[in-house]
Every structure is written in structure tokens, then in C-alpha cells.
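Here's the structure we're looking at; comments come further down.
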Amino acid sequence: MKKHFYAPLFLLFTMCVALSSFAQAQKRLVKAKIVDDKNQPVEFATASVILNGADSSVVKSTMTGKDGLLEIPGLANGNYRMIVSQFGLKNRVEHFEITAQKPFVDLGTLPMELASKNLKEVNVTGEKAPVTIKKDTIEFNAGSYKTQKNDNVEQLFKKIPGVDVDKDGKITAQGKEVSKVLVDGKEFFGNDPKAVTKNLPADAIDKVQIIDDKTDKAKNTGIDDGDRNKVMNVTLKADKKKGWFGNMSVAGGNDNRYLGQFNMNRFDNKKQFSILSLSNNMNESGFAFEDINNFAGGNAFSAFGSADGGVSINISNNGRANINGAFSGVNGGLITNHTAGVNYSDEWGKKGQIKFNTSFITVISKNNITQASDLQDVPNNLFTNQLSSGNNVSNSYRYSVNLEYKIDSLNNLNFKPNFSFTYKKNYSLSASGTTKQTADSVNSIRQLLDQTTHSPAVGGQFTFNHRFHNGNGSVNFYTTGNYSANNADYLNQATTRYYVSSQPSTNTNQQASQDNNASFLTSTASFVRSLNKKKKINLNISQTADLRKQNANQYTVDYNAVTGNYEVFNPQYSGNSDNTNHRYTTTAGISKSGESYTASVNMAVAELGLHGISFANNIRNDVSRDAWALVPNASFNYRQKNGRNLNFSINTNVSLPSATDLQTVFNNTNPLYIRQGNADLTMSRSLNFNLNYNYFDFKTNNYINIYSNYSTTWNGFSTSSTVDGNGITTSKPINVDGNFNAGLGFNIGQPTKIKGLKFNVGSYSSANRNINFINGNRNAVTRYSPGVNFGPSFDRDNVQLSLRFSGNYNTASNSYQHAADRNYFSYNNNASASVLPTKTWRIFSDINQNLYRGQPASANTSYYLWNAGVEHYFLKNQNLTLQFNAFDLLNQNSGIQRSISSTGVITNNETNTLGRYFYMKLIYKITKVGASKEQNGHGGLIIMR
């Protein structure tokens, strides 16, 4: 039981150290008044206090108010220099000392001289400013934040004030998630932030920029809609643009674990060339799996598996395969992964009128996965246990291009084609049995599924923008489209037995070929005209056409026991379907922009239609729908220079049922589940509210993010299901009222007066209700899940420590069958440490704890995942590193997941995962320095307006 006290004791120790240091430092401060050459107070001047000596690191930064006064408290005893910076003025450097006898230092009035009459650019010689603040950008000098040997960009980001990187690599800057990371302003392997943070070395970075980027719509139209995307950009050091740099690493361990990685980069002012490669059987992906999911044209076939008799195969965000739901959403499996990619960017023209970027990525993976599941269908008094195993192979290739052409100051075009191809081979075996609460058997099924799929896809987007003279408006054209194919051959063998009726057992032994094609084309033409340029009132008119088409053909043959061949045509599970959808939307609106706000109101008229034809079991089925709807929306955005941002939006939308929901198509990949269509489905309407508040304090680097959302539907789509005495479920889609989703949360980041120590606190609570019908009875499943997370982190040159606690209370209630109600707690806690006892040795460790409590005793689980390692640096520049690593020291790693469905079914899944292993890793850093000597200075803070 002692191990349960390690994390609290560690936290208590950290807090005691922090409080002790805080007590010593809270009364020490330096203050001054900043004036210009006319003795007028200088507002928004910034001061950075630097500790003299070997550390030479930034201790504190602050900003002057309207009176020109600044005050920096919380300084420990020592010798300092303070660098004061302001755009258009020369830097002012003052030296001072804090002692026990002189804890207060008043530098008096400090005049600043005019630096230059050229307001476009100010060249500051001497020490570099650690921070430069522009209108929509905060720029950090990477040299002001020390990193370790072999650190990548992710480790550098963790040291930037206001930036957090979680254990999964997700980046949050100033309380908002970062959507993409650029390199010298250019895409790097698409929009995958991990391609930059995981593969580029920290010591290659000169500056890190956090940008409040306008939306694509605002950029294209020239009208600021008030919305902002959080984007980060890293600029490379000059010497990294004059040669090759990268790293090579190899690793090997017990249980035949291995890893090999090779990254090489060559950049200059215009060109970028990178090669990335990775081969391993340690479940490392190399690229974010959202990129891999896009290989086959996105989710174009999400409806085909169940609608047309094929086998539905999906890949979750962690790359785990899912065959007909057998492996849905569960972390686990033993993955062997081989990835490689090439990225190239260039510019042509005197002012870079043409910008070109292209990338090629290939991912070859194999996953061996087994899963044990138990499903508690309490509303129907049924309990199912299932065992599944599968081998899944995937070969994916993607090629993309991004071409930007600035024709002149008024005209721009952008063309982004992409091509992909995916081959998949999926094989699974499963066995399940269903019983009643009395333990009487209801049914059992054994099934083999073997499928091969080929999925080519081509798509892209084209944008053209023309701005009127004098900024009076613009005309814009945007189109995007995609064509995807999904051609599959599969073998389905299943034996189903029934125990409570005279219904005979069934045996399925058939082969099928399936050819699916999906395409869409969306085009928008918009016109923006200034009605009052002085008051920034604009008229917005747009026309959008969205066209989609899906075609599916399936040919199924049964096994002929006489000839031993698959040759008996099965008309019940053969057929074809052609479905088309269209949506034409005309929108008119008014927008107004002020110095600190943007407001818009729009009214859209939408005409929707669908037509579907299916032919199966010698029966033709035609369905169609047409509808008109008004779709209004409004938004308000309030932004202040002091880092406050408030955004509120109201959106409405309408949607028709899909053609596959209106049609009944026979599917026997799961004999215990029969899906029917519903020709009476009608249009659904939704209403959505969003409120978001952000505050980032440039003086203290504190940030607060508060967000909430609420959505509800009328005539929403749900299901009505019946279960017979044999445990066979028959389901069809229906319209219901009363579904809703709501969420409320906040995040707070709080650096302390102790350098390197900060606290993060967050909370998110969600509530939702889903209406469905079970055996003709209305069932409302209402779920609540309040949660909280908090923890300190301590980051200094030689020591990094962090603790994180995350807990949720989960509750689900069912109006039809209260026996299915569930209330339980789930926890995920983490502690990590990294220490450099000497310049050539580093020790590191992290431990994760996962717990479920409040459930039946058999479902209350807990496990620890503890990793640790040590590394040593070799050679003159420490370019060679030898690591010894231990994964899952306690051998408790477990892929466990709990879920409660919208129909009240409780599912517990456990999947195989990597267990304990040890490995050695050798890393060699390749550098080619073209500059004479690196400048790694520190300095003041520059603000540009």
C-alpha cells in the first residue's frame, strides 16, 4: 500500500520547497519609472530581469502602465541586469544587486532615447530580447530558454511561458489548442504539429512565435470575422540554413523489441527539404494518426459497411483496427510500424510571388490484437461475453501539393491537390455467448472474417480572391472536392446457435466482392462590399453548392459443398445502390468591426434534396426527400490589447436523413443484428450555442480559459430496437425530440514567484441526453460527467518535475430500466521527473496511474505504468547518446475501457498491450554549422504595434 503515498508525498515536498522559497523572495523587488527623451511616461515598455553569471537566464518580465512605472517583485538575492525595451526606442540596460541588507532597489527615472525614424524595422544590437510582442504575435527568443542535448522542439515548447504540452503531444498556447506548427512560415508535412515537435531538434530553433491567426475566410475576403486560430511558427537559426542537420537512432531490447529512426533536414531562406523515417515494433507511429485516417479520403465510407453488406473497418486515432465493431475505440494491440516521409518547399519570384510545398508519406503497419469484452444489456436482461483476435495489415501512401500564387496586390490563388492509396488486409476470429440474468444460455456465435481492401483517392481545393481597390470589398471563389474508391473482397464464415426456441442454428459460409465509390464537390462564391468604410460595416453575400454521390455494388456467393467452390449466387445479400445528395445555400449578412470587437448576423436559405435507388434481393427501392429551411446564425467577438478575448456564437443547421437510413438493405456480417430502413424519416434541425473567454496576462504569463457549449435537436435521428427471445436485435432509425449536449469548463495556468514552478488547474463537466426506444418503450439515457485536473510542474536547467491529477465522476440514468443506471469514478494521475546530476548524465522516469472505482467489485480496476531510464553523453560536443530504458517496470500495462451506450448498454473492454521490456538506445546527432559562433544572448522585451 505504500506506493499509493509516493505521489502525495512528492507533491507535499514540492509545495514545501515552493512555499519556503516564496517566503524568502516575496519581499524583494526592483522598481523604476520609464520616460522618453521628452520626459513623458512610456507605456507598454517591457523589462526583463536577467541573472548575471553562468546561468544568465531570464528571471522575470513585466510591462509599464500609462504612468511609465514598473515593479518586479519576488527576486532572490543576487546580481542582476534589467533590460528595458520599447519599439522605436533604444534598449536601456541597468545593473543592480539584491541582498538581505538591501532587498528593495529603486532605479528612479530612466529616460530612453529615440532609436530610429524608420518605424518599419528596428535593429537592436547587443543582447537579444527574450520576447517581442507584435499586434497578433508573441515572439520568443529560443536562446533564452535552455534545453538539453537531444531535446526536440516539444521540449523547447514546454519551457515557453503560456505553452503547455500534454503527454499525448497536444499543444496548448495561452489556454487555446494549437491547430498547426509552421517552420519558417511554411507547412511541414501538412498540418501535423507532431511532425515538427517530435522530429526537429530544439537547438536548431532561433525564435518561437505564437500567432493569433485569422481564419481562412477572413484572409480570403479581407473582412475580419473576429475568429482566431492559435498557430505556432518556429524560425531556424542562420547556421541551420547552411547545411544538413538531423539525427540517427537505433534501439534493441528483450522480447525482440527494436527501433530505428533517421531524420535529415536541409533549409535555406527559401527552400526546405526533410526526410523522416521510422521502423519499430514499440507502438510508435511517427506521424499523427489523423493524417493516416485521411489517406483513404476521410470518412467517405462510414455508412457503407452496415448499409450494403460489407465489413466495416475503421482505424481509431491510435491506429487500432476495428472490424465490425470488434475492436472499436480500444487502446491496445502489438503494432509493428514502418513510416517514411519527404517534405520539400520552395519560393520563386523576387518577392516570393509563387510558394510551393509538397510532401509524400508512407505508412506500413501490422497490428496483432486480442480483446475480451463483456456487454451488459440491462434493459433487455441480456449479458454477452466476447473474445476476439485479429491481424490487421495496412499500407498507406499520401502525396500532397500546396501551390500559392500572388498574381498582384489584389489577386491571389491557391491550389492544393492530394492523392492517396491504401491497402488493407484484415483477419479476425471471434466467439461470443449471450445469457440471461439467470445464467440460461440464449445464443452463441463463432465467426471468421477475412477482408482485403484497396482504396485509392484523389482530392483537393482551389481558392481565388480578388480585392477591390481602396479596400471596398472583395470577390472570392472557393471549391473543394474528393473522389474515393473502396474495393473489397471478403470471406464470412459464421455459426450461430439458439437455445431458448426451436429456431434452428444457422451456418454462413460465403464470399463477397464490394465496389464502393464516393465523391463530393463543394463550391462557394462570395461577395463582400463595404457599406460604410469609416464605421467598418460590410455586406456579405454568398452562394454555396454542395453535391455528394455514393455508389455501392456487392456480389455475394455461397459455398457449394458438392464442388468445394464459392459459386452459388446469393440474391438476398447482393445488389447495388446509387445515392445522391445536394444542398444549395444562399446567405446574406451584415458585419461590423470596431477597434476591439467584431459582430455579424447572417440569414441563409437552404434547399436540400436526396435521391436513392437500391436493388437487392430482386427488389427495387426508390427514396427521395426535398426540403427548404431558414438557417440564421450570429457571432460576436470582443478582443482587447491586454489579452482578453470573448467570443459568443449562435448557429442553426438542418440535415436530411441519409438514403441508407431510408432504405432496408440486408446485411449478414452480424447474424444477431438486423438493420431496417425507415421511409418516414424527416428533416432534423439543430441549435448550438458557444461561449469562450480567454485572458492572457503578458506581465505574469497567467492565463484563464473559460468555455461552454449547448446544443439541442428537433426531429433528431435516433434508433428504435427490439430484442426477441433468441437475443436477435432488430433496429431502425427514427426521429425524436429532446436530445441535447452541454459542456462547461475552464483552464488556469499560474506561474509562481519561484522560477520554473507553475500550477495548472482545469475542469470540464459534460451532460447529454439521448432518446431511443427499446421494445416499444421510450428510454431517455441521461449522462453527467464532471471532472477536474490539476498539478504543479517545476522546470529548471537541470531538474524537471511534474505532477498531474485528473478525476471524473460518471453517472448514467435510464428512464426505462433503472437497473441499467451506473455511477462510478475514473482517475488518471501522472508524475514525471528528469534530473542531470552531471553535465554528461541524465536520469528520467514517469509513472501513470489509472483507476476505476464505484462499480461492481469485478469492474473496479487499477494499474500503474512506470517507465524509467538513464542516458550518458559522449564525444566533444556530446553528439552521441547512449540510453538504457525500462518500459512498464511493474508489468501492469492494460488496455481497459469502460463505456455506456445511448441505449444503456454497458461495455467493458480489455485489449492486449505491450508489457514490460528493457532496451538500449544509441542516438547520434548530425550537425553542420555554417556560422562562426552561435549567439545565444538574452535581453529585453520588444513590443511592436
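Mapping of the sequence shown onto mature numbering (1 follows the signal peptide of the UniProt record, and there is no 0): residues -23 to -1, 1 to 922, in sequence order.
Positions of the beta carbon are idealized from the N, C-alpha and C atoms, including for glycine.
Values in this document were obtained by computation on a predicted structure and should not be read as measured data.
Cβ contact check for the region 596 to 614 and the region 433 to 449: 3 or more pairs under 8 Å: no
By DSSP's criteria, SER568 is part of a beta bridge. Which residues make up the other side? ASN515 and SER577
Three or more C-beta pairs below 8 Å linking the region 432 to 443 and the region 454 to 463: yes
Secondary structure at GLY120, three-state DSSP: helix, strand or coil? helix
Report the rounded CA-to-CA distance for ASN357 versus ASN745, giving the unit in angstroms. 23 Å
So what's LYS902 in DSSP terms, helix, strand or just coil? strand
By how many angstroms is the C-alpha of VAL847 removed from the C-alpha of ASN542? 60 Å
Please give me, in chain order, every unbroken run of the alpha helix (DSSP H) with length at least 4 that falls completely inside the region 131 to 178. 170 to 174
Quick check on the burial criterion: 16 or more other C-beta atoms within 10 angstroms. Buried or exposed for LEU812? Note that residue 812 is Val in the sequence shown here, rather than Leu. Exposed is the call here.
Integer Cβ distance of ASN345 from LEU390, believed to fall under 8 Å: The Cβ separation is near 48 Å, so there is no contact.
ASN388 to ALA9, Cα distance in whole Å? 50 Å
Counting beta carbon pairs with one atom in the region 459 to 476 and one in the region 419 to 436, are three or more of them shorter than 8 Å? yes
Are the Cβ atoms of ASN747 and SER762 separated by less than 7 Å? no
So, ASP323 versus LYS247, is the Cβ gap smaller than 7 Å? yes
Decide if GLY318 is buried, meaning its Cβ has at least 16 other Cβ atoms within 10 Å, or exposed. buried
Excluding the five sequence neighbours on either side, which residues of its own chain have a C-beta within less than 6 Å of the C-beta of ASN231, listed in chain order? TYR894 and PHE895
Need the endpoints of the beta strand (DSSP E) that THR637 sits in, please. Taken as a continuous stretch (DSSP letters only), THR637 belongs to no beta strand (DSSP E), being part of the alpha helix (DSSP H) at 636 to 639.
Restricting to Cα atoms, I'd like to know which of GLY162, LEU47, GLN132 and LYS171 is closest to GLU20. LEU47
Alpha carbon to alpha carbon, how far is GLY693 from ARG474? Give it in angstroms, no decimals. 36 Å
Output needed for LEU664: all residues of its chain with C-beta closer than 7 Å, excluding positions within five of it in sequence on either side, in chain order. THR629, SER688 and THR689
Rounded distance between the beta-carbons of LEU66 and LEU6, thought under 8 Å: Contact doesn't hold; Cβ gap of about 24 Å is too wide.
Alpha-carbon spacing of ASP180 relative to LYS207, whole angstroms: 24 Å
First and last residue of the uninterrupted beta strand (DSSP E) at GLY720: 717 to 728
DSSP state of ALA797, grouped into three classes? helix
Got a sec: is the Cβ-Cβ distance from PHE239 to anything in chain D below 7 Å? The chain inventory of the structure shown lacks chain D, comprising one protein chain alone.
By Cβ distance, which residues of its chain are closer than 6 Å to GLY726, with the 5 residues on each side in sequence left out? TYR680 and ASN737
Let's test the definition: count the other Cβ atoms within 10 Å of the Cβ of MET897 and tell me whether it reaches 16, buried, or not, exposed. exposed
Between the C-alpha atoms of GLY715 and PHE750, what's the straight-line distance to the nearest angstrom? 13 Å
Does the region 794 to 814 come into contact with the region 847 to 864, if we say contact requires no fewer than three beta-carbon pairs (one atom in each stretch) closer than 8 Å? no
To the nearest angstrom, how far is the alpha carbon of ILE903 from that of ASN240? 9 Å
Inter-residue CB distance, ALA801 and ASN787 (contact presumed, cutoff 8 Å): According to the sequence displayed, residue 801 carries Tyr and not Ala. The Cβ separation is near 6 Å, so the contact holds.
Just to confirm my understanding: we take VAL600, look at its own chain, exclude 5 residues before and 5 after, and list those with CB closer than 7 Å. What are they? GLY589, ALA636, LEU639, GLN640 and ALA656
What separation, rounded to the nearest whole angstrom, lies between the Cα atoms of LEU780 and SER822? 12 Å
Going by the CB atoms, is the gap between LEU658 and ILE705 shorter than 7 Å? no
Out of VAL505, THR563, ALA495 and PHE117, which has the shortest C-alpha to C-alpha gap to GLN520? THR563
Quick check on ASP190: buried or exposed, where buried means 16 or more other Cβ atoms within 10 Å of its Cβ? buried
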